[in-house]
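These notes concern the structure reproduced below.
Numbering (full-length UniProt numbering), first residue to last: 1 to 191.
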C-alpha cells in the first residue's frame, strides 16, 4: 500500500496521519493514539470470542488438574489409581488412558488459546477463571461419577474415607466458586 493510500484510509477513519489528531463522533478534533485503536480492536475481538476464551480455559483447567491430580495422588502419594481392580495391567491401562485424555485436553486448550492470541482476542482473566471452573468441574465429576456412582476408587484407600472424600469435594467446590468469581469480575471489568 502506498503512503498516500495509507493517509487516505487514516483520514477516512477519522485519524490525521501526520500529527496524531482524530475526530470524535461530533467532529471535534482530539488526540488519538494507535494503542487505543488496538485496545478497541482487542476489546471487540474479546466480545466476539468470549465463548472460545471460556472453553479454552475450561479445557485447560480440566486437562491440567487431571494431570496434576494423577501426578500427585496416583504416582507420588500413591493414594489411589484411576481404576483399582483386575491387577496391575488394568491399573496401568487406566492410568495411561487418563493421562492421554488429560494431556489431549491441555494441548487442545493451548491450541485454542494460541489462535485467540493470534486474533488479538485472548482474555487472560476469563481464561484463568474458566480454568479454575474446569478444575473444579473435573474434581466434582471425579467425586460424583467415578467415586460415588461407579465406585472405581476412593481418594485414599483407608477404613473410613469420608474425611478425604469431603475434603476433595470441598476443594472442588472452592475451585469452582473461585473461578466463578474471577469470571464474573473479568466480565465486569472487561479485562
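Using N, Cα and C, we set each Cβ at its ideal position, and we do this for glycine too.
As the structure is a prediction and not an experimental result, all values here were calculated from the model.
Once DSSP output is grouped into helix, strand and coil, what is the label at residue i?
{"i": "residue 121", "result": "coil"}
{"i": "residue 142", "result": "helix"}
{"i": "residue 54", "result": "helix"}
{"i": "residue 79", "result": "coil"}
{"i": "residue 59", "result": "helix"}
{"i": "residue 156", "result": "coil"}
{"i": "residue 45", "result": "helix"}
{"i": "residue 185", "result": "helix"}
{"i": "residue 161", "result": "coil"}
{"i": "residue 92", "result": "helix"}
{"i": "residue 110", "result": "helix"}
{"i": "residue 21", "result": "Note that residue 21 has pLDDT 48, beneath the 50 cutoff, so the model's placement of it is unreliable and the number below is only indicative. Correct three-state label for residue 21: strand."}
{"i": "residue 150", "result": "coil"}
In whole angstroms, what separates the C-alpha of residue i from that of residue j?
{"i": "residue 91", "j": "residue 122", "result": "39 Å"}
{"i": "residue 109", "j": "residue 161", "result": "34 Å"}
{"i": "residue 47", "j": "residue 106", "result": "23 Å"}
{"i": "residue 76", "j": "residue 168", "result": "17 Å"}
{"i": "residue 187", "j": "residue 136", "result": "20 Å"}
{"i": "residue 79", "j": "residue 150", "result": "18 Å"}
{"i": "residue 82", "j": "residue 44", "result": "43 Å"}
{"i": "residue 176", "j": "residue 182", "result": "10 Å"}
{"i": "residue 111", "j": "residue 53", "result": "11 Å"}
{"i": "residue 179", "j": "residue 128", "result": "7 Å"}
{"i": "residue 58", "j": "residue 64", "result": "10 Å"}
{"i": "residue 145", "j": "residue 155", "result": "13 Å"}
{"i": "residue 61", "j": "residue 70", "result": "14 Å"}
{"i": "residue 124", "j": "residue 174", "result": "20 Å"}
{"i": "residue 87", "j": "residue 73", "result": "19 Å"}
{"i": "residue 147", "j": "residue 104", "result": "23 Å"}
{"i": "residue 157", "j": "residue 114", "result": "40 Å"}
I believe residue i touches residue j by the beta-carbon criterion, under 8 Å. Please report the beta-carbon distance rounded to the nearest angstrom.
{"i": "residue 139", "j": "residue 172", "result": "3 Å"}
{"i": "residue 66", "j": "residue 102", "result": "4 Å"}
{"i": "residue 49", "j": "residue 118", "result": "Their Cβ separation, rounded to whole angstroms, is 11 Å, which puts residue 49 and residue 118 out of contact at 8 Å."}
{"i": "residue 130", "j": "residue 165", "result": "Not a contact, Cβ separation roughly 26 Å."}
{"i": "residue 152", "j": "residue 56", "result": "With 8 Å as the limit, residue 152 and residue 56 do not qualify as a contact, their Cβ atoms being about 29 Å apart."}
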